[in-house]
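>
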Amino acid sequence: MVKEIERTGLPVVHMCTVVPISLTVGANRIIPTIAIPHPLGNPAMEKKDEVTLRRKLVERALKALETEVTDQTVFED
Amino acid sequence: MKVVHYINQFFAGIGGEEKADIQPEMRDGVVGPGMAFNAGLKPDAEIVATIICGDSYFNENIDQAKATILEMVKQHDPDLFIAGPAFNAGRYGVAAGTIAAAVQQELGIPAITGMYVENPGADMFKKDVIMVSTRDSAAGMRDAVAKMIPLAKKMLAGEEIGSPEDEGYMARGIRKNVFLEDRGSKRAVDMLVKKLAGEDYETEFAMPEFDRVEPSPAIKDITKAKIALVTSGGIVPKGNPDRIESSSASKYGKYDLSAWDDLTADNAETAHGGYDPVYANQDADRVLPLDVLRQMEKDGKIGELHKYWYSTTGNGTAVASAKAFAKEIGEELVADGVDAVILTST
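First to last, the protein sequences are chains A and B.
Going by our numbering, the first sequence opens with residue 1, and the numbers climb by one from there.
Going by our numbering, the second sequence opens with residue 78, and the numbers climb by one from there.
#1: Measure the beta-carbon distance from alanine 160 of chain B to alanine 177 of chain B and round it to whole angstroms, keeping in mind my assumption that it falls under 8 Å.
#2: Among the residues of its own chain, which have a CB less than 8 Å from the CB of threonine 421 of chain B, if the five just before and after it don't count?
#3: Which of the residues in the segment 287–300 of chain B, read from start to end, lie with their CB under 9 Å from any CB of chain A?
#4: Can you grab the Cα-Cα spacing for the pair valine 19 of chain A / proline 155 of chain B, in whole Å?
#5: With a threshold of 8 Å, are at least 3 pairs of Cβ atoms found where one atom belongs to the segment 387–403 of chain B and the other to the segment 321–333 of chain B?
#6: With the cut-off set at 8 Å, would you say leucine 147 of chain B and proline 187 of chain B are in Cβ contact?
#7: Hey, does alanine 86 of chain A have any beta-carbon neighbour from chain B nearer than 8 Å?
#8: Under 8 Å Cβ-Cβ, which residues of chain B neighbour isoleucine 36 of chain A?
#9: Run through chain A and tell me which residues come within less than 9 Å of serine 323 of chain B, C-beta to C-beta.
#10: Just the Cα atoms here: how many angstroms apart are lysine 203 of chain B and arginine 371 of chain B?
#11: Report the rounded CA-to-CA distance for tyrosine 246 of chain B versus isoleucine 31 of chain A, giving the unit in angstroms.
#12: Any C-beta of chain B sitting closer than 8 Å to the C-beta of lysine 48 of chain A?
#13: Between the alpha carbons of alanine 399 of chain B and valine 171 of chain B, how many angstroms are there, rounded?
#14: For proline 197 of chain B, return the contacting residues in chain A, with the cut-off set at a CB-CB distance below 9 Å.
#15: Go through its chain and collect everything with a Cβ distance to glycine 350 of chain B's Cβ below 6 Å, but skip five positions before and after it.
#16: On a Cα-Cα basis, can you pick out the residue from B:Glu374, B:Pro314 and B:Asp319 that is closest to aspartate 360 of chain B?
#17: Chain B partners of arginine 54 of chain A, CB-CB under 8 Å?
#18: Thinking C-beta only, is threonine 17 of chain A closer than 8 Å to isoleucine 36 of chain A?
#19: At a Cβ cut of 8 Å, what residues of the segment 192–225 of chain B count as close to chain A, listed as they run along the chain?
#20: Output yes or no for whether 8 Å exceeds the beta carbon distance between isoleucine 129 of chain B and glutamate 102 of chain B.
#21: In the DSSP output, what is lysine 303 of chain B paired with across the bridge?
#22: I'd like the list of long-range same chain contacts for glutamate 11 of chain A, defined as Cβ closer than 6 Å, with 5 residues on each side in sequence excluded.
#23: So, is the C-beta of isoleucine 5 of chain A closer than 8 Å to a C-beta in chain B?
#24: My parser needs the alpha helix (DSSP H) runs of 4 or more residues fully inside the segment 335–362 of chain B; what are they?
#25: Would you say glutamate 76 of chain A faces chain B, with C-beta separation under 8 Å as the test?
#26: Could you pull the DSSP bridge partners for arginine 104 of chain B from this structure?
#27: Since lysine 404 of chain B meets chain A, which of its residues come closer than 9 Å, beta carbon to beta carbon?
#28: Quickly, what does DSSP pair asparagine 85 of chain B with across the bridge? List them, please.
#29: Spatial neighbours of threonine 145 of chain B within its chain, please: C-beta separation below 8 Å, excluding the five flanking residues on both sides.
#30: Cα separation between alanine 345 of chain B and glycine 235 of chain B?
#31: Going along the chain, which residues of its own chain have a beta-carbon closer than 8 Å to the beta-carbon of glycine 41 of chain A, five neighbours each way excluded?
#32: So, is the C-beta of glutamate 381 of chain B closer than 8 Å to a C-beta in chain A?
#33: Across which residues does DSSP place valine 396 of chain B in a beta bridge pair?
#34: Considering only residues of the segment 203–232 of chain B, which uninterrupted alpha helix (DSSP H) runs meet the minimum length of 4 residues and lie entirely inside it, listed in chain order?
#35: Using three-state DSSP, classify methionine 192 of chain B as helix, strand or coil.
#36: Serine 335 of chain B to aspartate 140 of chain B, Cα distance in whole Å?
Here you go:
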């Protein structure tokens with residue numbers, strides 16, 4: 001899906017936990033996330049901390065969208 | 078001769094998604110599908126131990142899981158390692174492929190696995206290990222075992238493995254010298270004649286398919302950009318109005334988020350059947366981060382959040398379907414003036 005949307009010319013950032021799969025399906029901007037059933041959250045955390053964690057991941061995704069890449073890139077932090 | 082078998086929590090009968098986070102464990106003898114393998118391998122070989130690991134645990138902790146399982150395999154020093162078959166279970170396929178390749182490369186023990194051709198684990202590891210092409214569901218178990226047994230026996234006996242077409246495994250991209258009756262020039266002309274006549278012919282040198290999409294240009298100023306949310310994690314409005322299937326999705330949904338600042342247990346849920354839905358059903362922002370993007374929109378950190386989100390379930394969904402959905406979604410997003418996309422996957 002990432003690849004087909006990117007084919008239209010829009011930059012797509014893929015937020016997912018299993019990075020090797022994301023690389024295989026051809027995502028160009030990749031943000032590793034927390035866990036498969038809750039990529040953008042952590043139920044073990046207090047709600048407030050969980051939102052902070054989510055905001056950090058989304059900020060990283062926005063940063064990736066603002067970054068020129070020439071090849072598949074994993075944005076670790 | 079000794080064989081060690083790797084399976085996931087589901088095929089071990091431990092449980093489904095709620096047990097997908099179990100750590101590797103080893104049991105003596107056969108468990109689950111190992112029975113069929115054992116029956117086929119006897120009397121020359123038998124499964125001495127079965128290693129079981131939860132699919133989510135493996136994929137979320139690849140390095141750790143791999144190291145632990147390699148240690149377990151080493152204890153038995155088997156003559157062959159069998160993983161799966163994983164059919165179209167994505168995380169299971171990645172796990173089976175990863176561990177089969179690692180056992181072969183790092184321990185020097187021949188390994189075989191099997192899965193459906195669209196399993197992400199297939200593209201990742203078919204070049205590294207003998208990987209039998211199976212059907213897309215466990216209904217194909219009998220057929221998969223029937224294909225894997227003869228290969229397993231050959232590997233145990235150290236016999237040469239024939240071509241992928243003859244033996245039913247996926248091509249590894251290895252070329253071998255063989256002698257043919259006709260010389261190359263004649264074969265080439267024969268092919269050309271067939272081609273000119275519009276008949277079927279088989280190339281002797283299939284070109285690899287490279288289907289890569291160049292990265293799109295970056296966003297110049299994210300504070301002015303219109304951002305859209307798309308997910309394969311199955312987040313839908315409460316009640317799943319379009320009845321998106323929990324697996325092998327035949328459609329995607331498009332939903333208006335303009336009235337919402339937050340996803341909650343009351344307004345959203347997941348339709349996805351391939352992961353434990355508890356956390357997403359409690360708070361779907363954990364998959365589709367509407368809450369923080371709405372706040373960022375208010376704070377002027379992004380230009381605008383697109384008023385619709387798109388969703389489907391990535392669980393066993395055919396690649397052709399996913400491509401078709403995404404093509405339509407992409408075209409709509411462009412038409413709606415969206416500048417960039419955040420796509421989340423579970």
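All C-beta atoms, glycine included, are put in the ideal place defined by N, C-alpha and C.
Note that the coordinates shown come from a computational prediction; the quantities given were computed from them, not determined experimentally.
Walking through what the data contain:
#1: 4 Å
#2: Leu306, Val307, Thr308, Ser309, Gly310, Val364, Leu365 and Pro366
#3: Asp288, Arg289, Val290, Glu291, Pro292, Ser293, Pro294, Ala295, Ile296, Lys297, Asp298 and Ile299
#4: 31 Å
#5: yes
#6: In this structure, leucine 147 of chain B sits away from proline 187 of chain B, with a CB-CB distance that is not shorter than 8 Å.
#7: No statement about residue 86 of chain A is possible, as the shown extent of chain A runs from 1 to 77 and does not include it.
#8: Ala97, Ser133, Asn136, Glu137, Arg168, Tyr352 and Thr423
#9: In chain order: nothing, as chain A lies at least about 14 Å away.
#10: 43 Å
#11: 34 Å
#12: no
#13: 19 Å
#14: Val18, Pro20, Ile21, Thr24 and Val25
#15: Ser323, Ser324 and Asn392
#16: B:Pro314
#17: Asp362, Arg363, Pro366, Asp368 and Val369
#18: yes
#19: Per Cβ criterion, the list reads Pro197, Asp200 and Met201.
#20: yes
#21: According to DSSP, residue pairing for lysine 303 of chain B in a beta bridge involves B:Glu381.
#22: Per the sequence shown, residue 11 of chain A should be read as proline rather than glutamate. Shown here for proline 11 of chain A: same chain residues with a beta carbon closer than 6 Å to its own, the five before and five after excluded, namely Leu65 in chain order.
#23: Answer yes: the Cβ-Cβ gap between isoleucine 5 of chain A and chain B drops below 8 Å somewhere.
#24: 355–359
#25: no
#26: Here arginine 104 of chain B is bridged, per DSSP, to B:Thr127.
#27: Glu4, Ile5, Arg7 and Thr8
#28: B:Cys130
#29: Gln100 and Pro101
#30: Distance between the alpha carbons of alanine 345 of chain B and glycine 235 of chain B is about 55 Å.
#31: Ile34, Glu50, Leu53 and Arg54
#32: no
#33: Answer is none; valine 396 of chain B lacks a bridge partner.
#34: For the segment 203–232 of chain B, not a single whole alpha helix (DSSP H) run of length 4 or above is found.
#35: strand
#36: Taken atom to atom, the span from the alpha-carbon of serine 335 of chain B to that of aspartate 140 of chain B is near 41 Å.
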